[in-house]
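Just so you know, the sequences run in chain order W and E. Take any residue in the first sequence, count from 1 to its spot, add 18: that is its number in our numbering. Take any residue in the second sequence, count from 1 to its spot, add 2: that is its number in our numbering. Everything below concerns the one structure shown next.
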Amino acid sequence: MKINTTSLTIATILTVLFIVVMTVAGELAPAFKVLLIKFAGHHWVAEGILALLFYAVAYFLFSRVGESAYVARNALLVLVSVVWGGIVISGFFLLHFLNILTF
Amino acid sequence: MVPLTQALIGTHAFLGEAGALAFLWVLVEMIGGSAQAIRRARIAAIIGTVFFFLAWTVGGFYYVEFYGELVKPIIKAGPQPWAHSVITETKEHVFLFLPFLALLTTGILERFKNEFAVNTSARRTVIIMAASITLIAFAMAGMGFLISSGYRAATDALAL
C-alpha cells in the first residue's frame, strides 16, 4: 500500500490542533477534564490515546484525497501548526502562572 | 540499587535523546543523498520513531505514577514553582507532537524512497522535518533539565 503523504500531513496538522484544543479545554472546562479522567484514569493518558485515535481516523478519512505535489509547502504548514501550538500551550500556562489568565 | 523513579527518568531521557540523534542522523544522510544514504536515513527514521514512542510510554508511566504525587507538590512549594506550572505543563503536551512528526517524516521517506534523486523538494522537506524534530527533542531535554533544577532548588531549600 502506497503511503499518502498529503493525508499524513493533514492528519498531523489536525492532530496538533486537536492536542492544543484538548490541553486548553481540559484546563478551562473542569467537566471535560473529568471526562478525560473517566476515559483513561488520567487526563494526560486520555489525551494521548485520543490523539492517536484521532490521527488514525484523520489519515483514513483523508487517504482518498489525491496526493499533492507540494510536499515542501505541506511540511511547512505542519511546522507552522507546531510552532503555533507550542506558543499557544506555553503562553497559556505562562499567563496562568502570572495570574493574567485565571480559571 | 537505582530507585525505580530515577531509572524511569534516565530511560525516558535516554530514549528521547536517542530519538533526537536518530533524526539528526536522518538529516545528515539526506544531505548526502546517495541511494545508500537514503536507505540508512529510512532505517534511522524508523529507529527514531520507535524511540519517541518508547520515550512517551516510559515518561508517561513515570509522570502518571510518580511525578504528580511525589515531585509536583515539592516543586510547587519551592523557590521555582514555574518549573512545574509552566515548564512541565508545556513539556507534557508539546512532547505529544514529536511522535506524530516522526511518523510523518518516516512516511515521506517511505513514499519517496525511490524518487529523492530527482525530487529535490521531497528531499529538502525531509531535511527540514528532521532538523525540526531534532531541535524540538533537544528543547524537551532542556525543559527536563529545568524541571530537575526546580526540584533540586526545592529540596535544597527544604534541607536548609
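Note that beta-carbon positions come from the ideal geometry of N, C-alpha and C, so glycine has one too. It should be emphasised that the depicted structure is a prediction, and the values quoted were computed from it without experimental measurement.
Chain-order list of residues whose beta-carbon lies under 7 Å from that of residue i (same chain, five-residue window excluded)
{"i": "F36/W", "result": "A69, F72"}
{"i": "S99/W", "result": "I31, V34, L35"}
{"i": "A124/E", "result": "I110, F114, E117, F118"}
{"i": "T23/W", "result": "E85, V89"}
{"i": "I11/E", "result": "Y64"}
{"i": "Y77/W", "result": "S25, L26, A29"}
Interface partners of residue i on chain E, CB under 8 Å
{"i": "S108/W", "result": "V88, T92, V96"}
{"i": "V34/W", "result": "F99, F102"}
{"i": "I37/W", "result": "H95, L98, F99"}
Other residues of its chain near residue i: CB distance less than 6 Å, five sequence neighbours each side excluded
{"i": "A155/E", "result": "G80, P81, Q82"}
{"i": "A20/E", "result": "F53"}
{"i": "I21/W", "result": "none"}
{"i": "F16/E", "result": "none"}
{"i": "L56/E", "result": "L17"}
{"i": "F68/E", "result": "T7"}
{"i": "V202/E", "result": "The question about residue 202/E has no answer here: the residues shown for chain E are numbered 3 through 162."}
{"i": "I28/W", "result": "F80"}
Pick from the options that is closest to residue i, judged by C-alpha positions
{"i": "K74/E", "options": "G152/E, L162/E, D158/E", "result": "G152/E"}
{"i": "G103/W", "options": "I76/E, A47/E, N116/E, T92/E", "result": "T92/E"}
{"i": "A132/E", "options": "M142/E, N116/E, L111/E, G146/E", "result": "L111/E"}
{"i": "T120/W", "options": "L26/W, A47/W, H61/W, V38/W", "result": "A47/W"}
{"i": "A46/E", "options": "A22/E, K78/E, H95/E", "result": "A22/E"}
{"i": "L113/W", "options": "S36/E, W84/E, F99/E", "result": "W84/E"}
{"i": "N92/W", "options": "V128/E, A143/E, A159/E", "result": "V128/E"}
{"i": "T51/E", "options": "W27/E, A39/E, V66/E", "result": "W27/E"}
{"i": "E94/E", "options": "I76/E, V120/E, L106/E, Y64/E", "result": "Y64/E"}
{"i": "W62/W", "options": "W58/E, T157/E, A143/E, I48/E", "result": "W58/E"}
{"i": "G35/E", "options": "F97/E, V120/E, T13/E, P5/E", "result": "V120/E"}
{"i": "N117/W", "options": "V60/E, V88/E, H14/E", "result": "V88/E"}
Contact set between residue i and chain W, taken where Cβ atoms lie within less than 8 Å
{"i": "L103/E", "result": "T30, V96, V100"}
{"i": "E112/E", "result": "I21"}
Proximal residues to residue i (C-beta, below 8 Å), its chain only, five neighbours per side dropped
{"i": "R44/E", "result": "T108, L111, E112, K115"}
{"i": "A139/E", "result": "G18, E19, G21, A22, F25, F54, L100"}
{"i": "V42/W", "result": "V106, I107, F110"}
{"i": "T157/E", "result": "I76, G80"}
Contacts that residue i makes with chain W (C-beta to C-beta distance below 7 Å)
{"i": "S123/E", "result": "V89, A90"}
{"i": "T127/E", "result": "V89, A90, A93"}
Proximal chain E residues relative to residue i, where beta-carbon distance stays under 7 Å
{"i": "L112/W", "result": "V88"}
{"i": "F115/W", "result": "W84, S87, V88"}
Amino acids of chain W, ordered along the chain, whose beta-carbon sits closer than 9 Å to that of residue i
{"i": "L106/E", "result": "T23, L26, T27, A29, T30, A93, V96"}
query = Relative to chain W, which residues along the segment 26 to 51 of chain E have a C-beta separation below 9 Å, given in chain order?
reply = From the segment 26 to 51 of chain E, no residue has a Cβ closer than 9 Å to chain W.
key: Residues within the segment 78 to 100 of chain W neighbouring chain E, beta-carbon criterion of under 7 Å   = Listed in sequence order: V89, A90, A93, V96, L97, V100.
message = Please list, in chain order, the residues of the segment 52 to 68 of chain W that have any C-beta partner in chain E closer than 9 Å.
response = In summary, the residues of the segment 52 to 68 of chain W whose CB is separated from some CB of chain E by less than 9 Å are G59, H60, W62, V63, E65, G66, in the order they occur in the chain.
request  = Could you name the residues of the segment 60 to 84 of chain E whose beta carbon sits closer than 9 Å to any beta carbon of chain W, in the order they occur along the chain?
outcome  = Among the residues of the segment 60 to 84 of chain E, those with a Cβ less than 9 Å away from any Cβ of chain W are G62, Y65, V66, G70, P83, W84, in the order of the chain.
message = My parser needs the alpha helix (DSSP H) runs of 4 or more residues fully inside the segment 58 to 84 of chain W; what are they?
response = For the segment 58 to 84 of chain W, whole alpha helix (DSSP H) runs of length 4 or above, ordered along the chain, are 61 to 80.
message = For a minimum of 4 consecutive residues, which ranges assigned as the alpha helix (DSSP H) are wholly contained in the segment 82 to 113 of chain E?
response = Whole alpha helix (DSSP H) segments, 4+ residues: 91 to 96, 99 to 113.
task = Determine which residues of the segment 131 to 151 of chain E have a Cβ less than 7 Å from any Cβ of chain W, and write them out in chain order.
result = Legend: CB atoms of the segment 131 to 151 of chain E lying less than 7 Å from CB atoms of chain W belong to residues M131, S134.
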